[in-house]
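Below: one structure, written as structure tokens.
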Amino acid sequence: MAPVKVMAGAYPLARLSALSGAAILLAALLPGVGGVGRPEPQVVIITLRHSRFLPAHLTVRRGTPVRFVITNVDPIDHEFILGDEAVQRRHETGTEQEHGAVPGEVTVPAGSTRETTYTFTRPGRLLIGCHAPGHYNYGMRGWVRVVD
Ligand SMILES: [Cu+2]
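In our numbering, each residue's number is its place in the sequence shown (first place is 1) plus 17.
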């Protein structure tokens, strides 16, 4: 795999912070209910652009499966890792190169779209991070607020 290069400095930080502040999406306000009594997945579209998650901040209903459809429009690979601080730390220091088998963890190669479905079982906040070298510290992170 080609080395991943961080594009820090290529994008003015002031512009990025304005973007991330505004990008709040309220998902799963009206969870659908399937024929067998299980909630149907809510679809959340995430774009990976300029080494950022767009949107970076989400609010979802507890118990609703969320199908994340993640498109990476950057010319470099990214990943979408959903989890608490411990999960983020583990991935930041870990050596896993590919993700896809664990719900909420997926590698999204440059120019591609990948999906992962995750059911939020506890209220609170989980983090989203990309742990390609340098990306998390650069600011490629976000959060999901889980409400009842
Ligand atoms: Cu990244």
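Backbone N, C-alpha and C define an ideal beta-carbon position, used for all residues, glycine too. Remember, it's a predicted structure, so these values are computed and weren't measured experimentally.
What are the start and end residues of the beta strand (DSSP E) that includes H95?
95-100 is the span of the beta strand (DSSP E), which, as asked, contains H95.
Examine ligand 1 and report whether any of its heavy atoms sits within less than 7 Å of the Cβ of E196.
The structure shown has nothing for residue 196, since the chain only spans 18 to 165.
How is T133 classed by DSSP in three states: helix, strand or coil?
strand
Which value, in whole angstroms, describes the spacing of the CA atoms of G151 and D165?
Rounded to the nearest angstrom, the two C-alpha atoms are 34 Å apart.
Under the three-state DSSP convention, the category T76 falls into
In the three-state DSSP reduction, T76 falls in the strand class (E or B).
Report back the beta-carbon spacing between P175 and R84 to the nearest angstrom; my notes put them in contact at under 8 Å.
Since the first residue shown for the chain is 18 and the last is 165, residue 175 is missing from the structure and cannot be characterised.
Determine the contact status of P140 and D94, defining contact as a CB-CB distance below 8 Å.
no
Contact the region 87-103 vs the region 144-158: 3+ CB pairs below 8 Å
Note that the region 87-103 touches the region 144-158; at least 3 beta-carbon pairs, one per stretch, sit closer than 8 Å.
Relative to the alpha-carbon of N89, which residue among I62, V104, A103, L99 has its alpha-carbon at the smallest distance?
Among I62, V104, A103, L99, the Cα nearest to that of N89 belongs to I62.
Which residue comes first and which comes last in the alpha helix (DSSP H) that contains H152?
152-155
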